[in-house]
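**Q** Residue numbers (the numbering used here): 1 to 336. We put the beta carbon where it would ideally sit given N, CA and C, even for glycine.
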Amino acid sequence: MQSLQMSLYVIIFLVILALLFDFMNGFHDAANAIATVVSTGVLKPSQAVAMAALFNVLAFFVFNLSVAKTIGKGTIDPVIVDHYVIFGALVGAIFWNLVTWYFGIPSSSSHALIGGLIGAAVAKEGTGALIAGGLYKIILFIVLSPLLGFFLGSVMMLIVSWLFVRSTPMKVDKWFRRLQLVSASVFSLGHGGNDAQKTMGIIWMLLIAAGYSSEVDKGPPEWVVYSCYAAIGLGTLFGGWRIVKTMGQKITKLKPVGGFCAETGGAITLIMATVLGIPVSTTHTITGAIVGVGSAQKMSAVRWGVAGNIVWAWILTIPASAFVAAIAWWIGTKIL
């Protein structure tokens, strides 16, 4: 692909904007990793976010960069990518993250970014700029990731209930308070591995367009990888407390055993998707797992009205962020 003439200042500005989105991703999605462990009283909020931030960063040593490659090459045609498209995509994603954070709605930062890319690309070149195969895979997992989280969370809950049927509630609580530390850590590892790579993919697209990197490279430059993991870790460290309350208490009342099952089901889904290079929503995954845990006990244990509101936010995420991104793309062509 032919490199474009871009001011170094514009490139630096867009890299900073991308890292801001990555920070907000950690901030917004901190609830996914820590809501269950906080709401069950296993850890204090400050302890939980510190643990989640640590494992977000440790994901660097565990996972390859397959998700970053999907975002960088598998969503929109790299040929049409320029600083205006990147600007529009990031503004659309950041806007939706701010709106949903303000109202305490668990939505997907990942799909906000995908929506932003779609909106900016279509605004520039029409629907022909979209890569159907990559987008179909992402859209398929919008449905599959919460369903898989639901299935694994409910199955884990049933298995654990059967294994500990003769144990006293006090003994079960004691064991799963310890085990929940493990499950929350593994979920945070999966979160860092999948979500930080999405921002890497965006920055890599920008660097390829500007001629500072190449499509034949095995992945984004090392400084991009380090900075993205650091940004999402810092975002998680600051935490998004509005969403923690929704995730941890409003969907269903969780005990340590339920928190363990939800986190384990969600972690399995995330790690599998990351290994396969599929960008998925940690929000969708853990919400499905929490609902699965609640429904495994009894259907009335789930507040289906709250769950329904969350689903509506999921449905609106890509169209809303795409719409804002298209407007931001047009504004970018005037000011950048």
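Are the stretch 42-54 and the stretch 101-112 in contact at 8 Å, needing three or more beta carbon pairs?
**A** No contact exists between the stretch 42-54 and the stretch 101-112.
**Q** For the 8 Å Cβ check, are there 3 or more pairs between the stretch 255-274 and the stretch 167-183?
**A** Yes: the two stretches touch, three or more of their Cβ pairs being nearer than 8 Å.
**Q** Buried or exposed, going by whether 16 or more other CB atoms sit within 10 Å of the CB of Gly-248?
**A** Counted from its first residue, the sequence shown places residue 248 at position 248. In this prediction, Gly-248 scores a pLDDT of 47, lower than 50, which makes its location untrustworthy; no coordinate-derived value is stated.
**Q** Could you check the C-alpha separation between Ile-290 and Met-272 for me, to the nearest Å?
**A** For the purposes of this step, residue 290 is taken as the residue at position 290 of the sequence shown. For the purposes of this step, residue 272 is taken as the residue at position 272 of the sequence shown. Answer to the nearest angstrom: the Cα atoms are 18 Å apart.
**Q** For Ala-120 and chain D, any beta-carbon pair shorter than 9 Å?
**A** Absent here is chain D; the protein component of the structure consists of one chain.
**Q** Express the C-alpha separation of Pro-146 and Leu-140 in angstroms, rounding to a whole number.
**A** In the sequence shown, counting from the first residue as 1, residue 140 sits at position 140. In the sequence shown, counting from the first residue as 1, residue 146 sits at position 146. Cα to Cα, the separation comes out at about 11 Å.
**Q** Between which two residues does the alpha helix (DSSP H) harbouring Asp-82 extend?
**A** Translated into positions along the sequence shown, residue 82 becomes position 82. Here Asp-82 belongs to no alpha helix (DSSP H), and DSSP marks it neither H nor E.
**Q** How far does the alpha helix (DSSP H) with Pro-221 in it reach, from first residue to last?
**A** For the purposes of this step, residue 221 is taken as residue 221 along the sequence shown, with counting starting at 1. Per DSSP, Pro-221 belongs to no alpha helix (DSSP H) and is neither H nor E.
**Q** Using the C-alpha atoms, what's the distance from Gly-72 back to Gly-235?
**A** Taking the first residue of the sequence shown as position 1, residue 235 is located at position 235. Taking the first residue of the sequence shown as position 1, residue 72 is located at position 72. C-alpha separation (whole angstroms): 22 Å.
**Q** Between the stretch 19-38 and the stretch 158-166, do three or more beta carbon pairs fall short of 8 Å?
**A** The answer is no - the stretch 158-166 does not touch the stretch 19-38, with fewer than three Cβ pairs under 8 Å.
**Q** Mapping DSSP to helix, strand and coil, what is Leu-65?
**A** On the sequence shown, residue 65 is found 65 positions in, with the first residue counted as 1. Looking at Leu-65 - three-state DSSP - the assignment turns out to be coil, as it is neither helix nor strand.
**Q** Could you tell me the boundaries of the alpha helix (DSSP H) in which Arg-177 lies?
**A** Your numbering for residue 177 matches position 177 in the sequence shown. Taken as a continuous stretch (DSSP letters only), the alpha helix (DSSP H) holding Arg-177 covers 169-210.
**Q** Taking Cβ positions, are Ile-138 and Thr-40 nearer each other than 9 Å?
**A** As a position in the sequence shown, residue 138 is number 138, starting the count at 1. As a position in the sequence shown, residue 40 is number 40, starting the count at 1. Cβ distance not < 9 Å, so Ile-138 and Thr-40 don't count as in contact.
**Q** Roughly how many whole angstroms lie between the Cα atoms of Ser-227 and Lys-218?
**A** Here residue 227 corresponds to residue number 227 of the sequence shown, with the count starting at 1. Here residue 218 corresponds to residue number 218 of the sequence shown, with the count starting at 1. Approximately 18 Å, taken between the alpha carbons.
**Q** According to the Cβ coordinates, are Leu-65 and Met-200 closer than 9 Å?
**A** Your numbering for residue 65 matches position 65 in the sequence shown. Your numbering for residue 200 matches position 200 in the sequence shown. Yes.
**Q** Is there contact between the stretch 275-283 and the stretch 165-177, where contact requires at least three CB pairs shorter than 8 Å?
**A** Taking 8 Å as the limit for Cβ pairs, the verdict is that the stretch 165-177 does not touch the stretch 275-283.
**Q** Is the distance from the Cβ of Ile-114 to the Cβ of Ile-318 below 9 Å?
**A** By one-based count along the sequence shown, residue 114 stands at place 114. By one-based count along the sequence shown, residue 318 stands at place 318. In this structure, Ile-318 lies closer than 9 Å to Ile-114 by Cβ.
**Q** Quick check on DSSP: helix, strand or coil for Leu-98?
**A** In the sequence shown, the residue the question calls residue 98 occupies position 98. Helix at Leu-98.
**Q** Let me know if Ser-46 comes out buried or exposed under the rule of 16 or more other beta-carbons within 10 Å of its beta-carbon.
**A** Within the sequence shown, residue 46 is the residue found at index 46, counting from 1. Flag for Ser-46 reads exposed.
**Q** Does Ile-251 come out as helix, strand or coil in the three-state DSSP assignment?
**A** In the sequence shown, the residue the question calls residue 251 occupies position 251. Only weak support is given to the placement of Ile-251: the predicted model assigns it a pLDDT of 49, under 50, and the question is left unresolved by the model.
**Q** Which value, in whole angstroms, describes the spacing of the CA atoms of Val-324 and Lys-69?
**A** Along the sequence shown, one-based indexing puts residue 324 at 324. Along the sequence shown, one-based indexing puts residue 69 at 69. Each residue's alpha carbon lies about 25 Å from the other.
**Q** What does a CB cutoff of less than 6 Å around Gly-153 pick up in its chain, not counting 5 residues either side in sequence?
**A** Counting from 1 along the sequence shown, the entry for residue 153 is found at position 153. So the list reads Cys-261, Ala-262, Gly-265, Ala-289, Gly-292, Val-293, once near-sequence residues are dropped.
**Q** Using the DSSP secondary-structure output, state which residues sit across from Leu-130 in a beta bridge.
**A** Locating residue 130 in the sequence shown gives position 130, where the first residue counts as 1. Its beta-bridge partners are Ile-76.
**Q** Specify the secondary structure class of Ser-213 as computed by DSSP and reduced to three states.
**A** Here residue 213 refers to the residue found at position 213 of the sequence shown. Correct three-state label for Ser-213: coil.
**Q** Out of curiosity, what's the CA-to-CA distance linking Thr-269 and Val-37?
**A** Within the sequence shown, the letter at position 269 stands for residue 269. Within the sequence shown, the letter at position 37 stands for residue 37. Using only the alpha carbons, I get a separation of about 18 Å.
**Q** On the three-state DSSP scale, how would you describe Lys-334?
**A** Start at 1 with the first residue of the sequence shown, and residue 334 comes out as number 334. The answer is helix: DSSP assigns Lys-334 an H, G or I state.
**Q** Output the distance between the C-alpha atoms of Gly-104 and Ala-132, rounded to the nearest integer angstrom.
**A** Taking the first residue of the sequence shown as 1, we reach residue 104 at position 104. Taking the first residue of the sequence shown as 1, we reach residue 132 at position 132. Roughly 32 Å separates the two Cα atoms.
**Q** Pro-256 lies in the alpha helix (DSSP H); which residues open and close that run?
**A** To locate residue 256, count along the sequence shown from 1; it is residue 256. From DSSP, the alpha helix (DSSP H) with Pro-256 extends over 256-276.
**Q** Buried or exposed for Phe-337, please, with buried defined as at least 16 other CB atoms from any protein chain shown within 10 angstroms of its CB.
**A** No answer is possible for residue 337: the residues shown for the chain start at 1 and end at 336.
**Q** Report, in whole angstroms, the separation of the C-beta atoms of Ala-322 and Thr-100, which I expect to be a contact under 8 Å.
**A** Taking the first residue of the sequence shown as position 1, residue 322 is located at position 322. Taking the first residue of the sequence shown as position 1, residue 100 is located at position 100. Actually they are not in contact, since the Cβ atoms of Ala-322 and Thr-100 sit about 15 Å apart, beyond 8 Å.
**Q** Need the endpoints of the alpha helix (DSSP H) that Pro-45 sits in, please.
**A** Residue mapping note: residue 45 aligns to position 45 of the sequence shown, counting from 1. Segment 45-58, the alpha helix (DSSP H) holding Pro-45.
**Q** With a threshold of 16 other CB atoms inside 10 Å of the CB of Ile-203, please say whether the residue is buried or exposed.
**A** As a first step, residue 203 is located in the sequence shown; it is residue number 203 there, counting from the start. When all chains shown are included, Ile-203 counts as buried.
**Q** Would you say Phe-87 and Ala-120 are within 9 Å of each other, going by their C-beta atoms?
**A** As a working mapping, residue 87 is identified with position 87 in the sequence shown. As a working mapping, residue 120 is identified with position 120 in the sequence shown. Taking 9 Å as the Cβ cut-off, Phe-87 and Ala-120 qualify as a contacting pair.
**Q** Check Thr-317 in the structure and name its three-state DSSP category.
**A** Looking up residue 317 in the sequence shown gives position 317. Looking at Thr-317 - three-state DSSP - the assignment turns out to be helix.
**Q** Between Val-57 and Ala-230, which are expected to be in contact by the criterion C-beta below 8 Å, what is the C-beta distance as a whole number of angstroms?
**A** Working through the sequence shown from its first residue, we reach residue 57 at position 57. Working through the sequence shown from its first residue, we reach residue 230 at position 230. Right, the Cβ-Cβ distance comes to about 7 Å (below 8 Å), so this counts as a contact.
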